[in-house]
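Asks: Heads up: take any position in the sequence shown, counting from 1, add 86, and you land on the numbering used here.
Ideal placement from N, C-alpha and C gives every residue a C-beta, glycine not left out.
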Amino acid sequence: MPDYLVRGLGFNGNVRAFAVNTTKTVGEAQRRHQTWPAATAALGRLMTGGVMFGAMLKGEDRVTLKIEAGGPVGHLLVDSDAKGNVRGYVANPQTHVDSKGGKLDVKGVVGTDGMLSVVKDLGMRDYFTGQTPIVSGEIAEDLTYYFVVSEQVPSSVGLGVLVDTDNSVLAAGGFIIQLMPDIDDETITLIEKRLANIEPVSSMIKRGLTPEGILEEVLGADNVQILGKMPVQFKCTCSKEKFAEGIMGLGKEEIRQMIDTDGQAEAECHFCHEKYHYTKEELEALLNELESN
């Protein structure tokens with residue numbers, strides 16, 4: 087099944103809901119970064135959350151999520167847009183801690199002493215920045231806390247990544263449920279009861295539930311109205327041209343040194359590990375462009 091996201095409403099418009107299958111997307115991130123299981127789960131959870139954050143945006147808007155919480159995995163960074171494209175990386179992808187009770191210790195690799203930062207690029211140099219302390223290290227709870235504290239929206243976030251013994255991703259996905267201002271206490275209690283009794287989202291996906299099925303599981307089949315769906319994929323925005331601009335930003339002397347010392351240059355993208363090679367002639371062309379301006 088291809089990865090995709092659905093957005094919907096619940097309980098006559100009193101709940102806003104998102105659900106997504108990111109199994110292939112997280113698998114692509116694992117392949118590119120060669121992450122070990124706990125790091126795969128941590129990065130996969132944040133990417134899954136990030137793609138749902140992106141689905142709340144419009145047009146060319148983008149959102150960046152960063153977690154730095156003192157764990158051995160280092161910082162995690164995820165960048166997504168409103169069109170289902172997401173990319174991400176983890177500082178120390180080959181990080182291992184012993185599992186807890188047969189489950190990957192995401193909290194152990196992420197840490198609990200740090201911050202979650204969310205930056206929304208809303209175009210026209212308009213940025214929204216929110217920052218909240220890490221309260222769990224499991225990521226879903228940290229995103230839930232962010233929504234409540236930074237955006238004042240009561241929410242429940244569920245995220246899951248199931249990693250196989252060969253390090254491949256068996257299932258990944260998540261949901262976000264947000265309560266609208268006019269919701270009544272009876273409906274809130276009903277939702278809380280359902281959330282307390284659902285199985286892990288990765289288990290739902292492994293047994294074949296679609297994103298629509300996840301929302302029906304969480305809210306009840308009769309309480310969900312699907313508004314739309316869109317494909318989701320790992321997609322990087324890097325290019326040789328963008329890295330060339332970065333090289334020009336180093337200045338004339340630095341480029342001259344590259345030409346004289348190595349006669350070439352290579353740049354590698356943190357997000358996707360794509361490598362871009364620049365010949366001596368290409369570097370000289372960049373230098374000429376700088377000198378002519």
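1) Report all residues from its chain with a CB closer than 6 Å to the CB of Ile300; omit the five preceding and five following residues, and keep chain order.
2) Between the C-alpha atoms of Leu376 and Lys338, what's the straight-line distance to the nearest angstrom?
3) Can you tell me which of Ser236, Leu202 and Ala128 puts its alpha carbon nearest to the alpha carbon of Val249?
4) Give the secondary structure of Ala330 by DSSP, where H, G and I count as helix, E and B as strand, and everything else as coil.
5) Which value, in whole angstroms, describes the spacing of the CA atoms of Gln180 and Pro158?
6) I want to know whether the region 131 to 147 touches the region 160 to 175 - three or more CB-CB distances under 8 Å.
7) For Pro88, which option in Ala103, Arg102, Lys110 and Gly96 has the closest C-alpha, if you only look at C-alpha atoms?
8) Check whether the region 214 to 223 touches the region 117 to 125, taking contact to mean three or more Cβ pairs, one atom from each stretch, closer than 8 Å.
9) Using 10 angstroms around the beta-carbon of Ile344, count the other beta-carbons present and answer buried if the total reaches 16, otherwise exposed.
10) Nearest-angstrom Cα distance between Asn100 and Leu265?
11) Let's test the definition: count the other Cβ atoms within 10 Å of the Cβ of Lys326 and tell me whether it reaches 16, buried, or not, exposed.
12) Below 8 Å CB to CB, which residues in the same chain sit around Gly113 once its five sequence neighbours on both sides are set aside?
Replies: Concretely, from the data shown:
1) Within the sequence shown, residue 300 is the residue found at index 214, counting from 1. Annotation for Ile300: Ala105, Phe261 and Met290 place their beta carbon closer than 6 Å to its own, counting only its chain and skipping 5 residues before and after.
2) Indexing the sequence shown from 1 puts residue 376 at position 290. Indexing the sequence shown from 1 puts residue 338 at position 252. The alpha-carbon atoms of Leu376 and Lys338 are separated by roughly 7 Å.
3) For the purposes of this step, residue 249 is identified with residue 163 of the sequence shown, where counting begins at 1. In terms of CA proximity to Val249, Ala128 leads the group Ser236, Leu202 and Ala128.
4) Against the sequence shown, residue 330 aligns to sequence position 244. Reduced to three states, the DSSP call for Ala330 is helix.
5) Here residue 180 refers to the residue found at position 94 when the sequence shown is read from its first residue. Here residue 158 refers to the residue found at position 72 when the sequence shown is read from its first residue. Those two C-alpha atoms are separated by around 10 Å.
6) They touch, by the three-pair rule.
7) Taking the first residue of the sequence shown as position 1, residue 88 is located at position 2. For the residues Ala103, Arg102, Lys110 and Gly96, the minimum Cα distance to Pro88 belongs to Lys110.
8) Touching, no, given that fewer than three Cβ pairs across the two stretches are closer than 8 Å.
9) As a position in the sequence shown, residue 344 is number 258, starting the count at 1. Checking the displayed sequence, the identity of residue 344 turns out to be Met instead of Ile. It counts as buried.
10) Your numbering for residue 100 matches position 14 in the sequence shown. Your numbering for residue 265 matches position 179 in the sequence shown. Cα-Cα distance, rounded: 6 Å.
11) Here the question's residue 326 lines up with position 240 in the sequence shown. Flag for Lys326 reads exposed.
12) By 1-based counting over the sequence shown, the position of residue 113 is 27. Closer than 8 Å at Cβ, skipping near neighbours: Ser254, Val255 and Ala258.
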